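J.:
Protein chains in written order, with my numbering: chain D, 5 to 109; chain S, 4 to 120.
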């Protein structure tokens, strides 16, 4: 399964509602996770099974989707959210998306 | 607190071997599948290997199958990755990761492997 993330680069302001997209080439059956990677750091799990929030992750992060289309939403962007976000499917094999780089406008 | 700390990275010539280690703490290591995931410079992430709780089952993508071997020592809470016949395209930061189900819930800070003559 190939994953396509869009946009590849997103500029937004503090307080904005931000939506990141991840589209699979086949049905992912909700076996999708989202990771946040800050510069020079290891990836951090944010969301698993499409919409389950990992322990300790702020509630402004949420996930949704079904079939081939999935979304990560940040309800109110904070400065510490500047990072690259990767989606990952584990329904059929293991595939990471190429990432969306989120920066402050 | 879950901690994973990789070691063993460095500069190695093409065709040579290298063994990475990962020291785990803060959880019952023997209860979890473990994995290695790599990230080439300024590139995306690629799963490299997974090992079952007992070590009896291992899984690899085609890109490393036959060259890389994942292993573990539950008594030492340690994970290993033996990399043979290294190629330039194996240059990456290698992350040790704990698996929960089929996804990775905790990652180490990574160790850099550079394959170059």
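The beta carbon of each residue, even a glycine, is placed where N, CA and C say it ideally should be.
Model, not experiment: these values are computed from the prediction.
Let me know if residue 47(D) comes out buried or exposed under the rule of 16 or more other beta-carbons within 10 Å of its beta-carbon.
T.: In the first chain, residue 47(D) corresponds to position 43, counting from 1. Looking at its Cβ environment, which holds 16 or more other Cβ atoms inside 10 Å, residue 47(D) is buried.
J.: By the DSSP assignment, the beta strand (DSSP E) with residue 2(S) in it spans what residues?
T.: Residue 2(S) lies beyond the stretch modelled for chain S, which goes from 4 to 120, so this question has no answer here.
J.: Using Cβ-Cβ distances below 8 Å, what residues of the region 89-120 of chain S are close to chain D?
T.: For the region 89-120 of chain S, which is checked against every Cβ of chain D, the residues closer than 8 Å are 98, 103, 104, 105, 106, 107, 108, 109, 110, 111, 112 and 113.
J.: Looking at chain D, is there any beta carbon in it that lies within less than 8 Å of the beta carbon of residue 49(S)?
T.: As a working mapping, residue 49(S) is identified with position 46 in the second chain. Yes, contact with chain D.
J.: Per the DSSP calculation, residue 42(S) is bridged to which residue(s)?
T.: Sequence index remark: in the second chain, residue 42(S) carries index 39 (1-based). According to DSSP, which records beta bridges pairwise, residue 42(S) is partnered with 48(S) and 96(S).
J.: Considering only the alpha carbon of each residue, which of 108(S), 41(S), 105(S) and 62(S) lies closest to residue 94(S)?
T.: Taking the second chain and counting its residues from 1, the one referred to as residue 94(S) is at position 91. Cα-wise, what sits closest to residue 94(S) is 41(S).
J.: Do residue 37(D) and residue 106(D) have their CB atoms nearer than 8 Å?
T.: The count along the first chain starts at 1 and reaches residue 37(D) at position 33. The count along the first chain starts at 1 and reaches residue 106(D) at position 102. No, Cβ-Cβ distance for residue 37(D) and residue 106(D) is not below 8 Å.
J.: Based on the DSSP secondary-structure assignment, which residues constitute the bridge partners of residue 102(D)?
T.: Reading the first chain from its first residue, position 98 is the one you call residue 102(D). Looking at the DSSP assignment, residue 102(D) forms no beta bridge with any residue, so it has no partner.
J.: Since residue 47(D) meets chain S, which of its residues come closer than 9 Å, beta carbon to beta carbon?
T.: Counted from its first residue, the first chain places residue 47(D) at position 43. Neighbours of residue 47(D) on chain S, chain order: 40, 42, 48, 98, 100, 107 and 110.
J.: Below 6 Å CB to CB, which residues in the same chain sit around residue 66(D) once its five sequence neighbours on both sides are set aside?
T.: In the first chain, the residue the question calls residue 66(D) occupies position 62. Closer than 6 Å at Cβ, skipping near neighbours: 77.
J.: Along chain S, in chain order, which residues have C-beta atoms closer than 8 Å to that of residue 58(D)?
T.: On the first chain, position 54 is the one that residue 58(D) refers to. Chain S residues near residue 58(D): 108.
J.: Regarding residue 119(S) and the ligand SAH, is the C-beta to nearest heavy atom distance less than 7 Å?
T.: The model on display carries no ligand, and the ligand SAH is accordingly not part of it.
J.: Are the C-beta of residue 19(D) and some C-beta of chain S separated by less than 8 Å?
T.: Numbered from 1 along the first chain, position 15 holds the residue referred to as residue 19(D). Not closer than 8 Å to any Cβ of chain S, the Cβ of residue 19(D) fails to qualify, so no.
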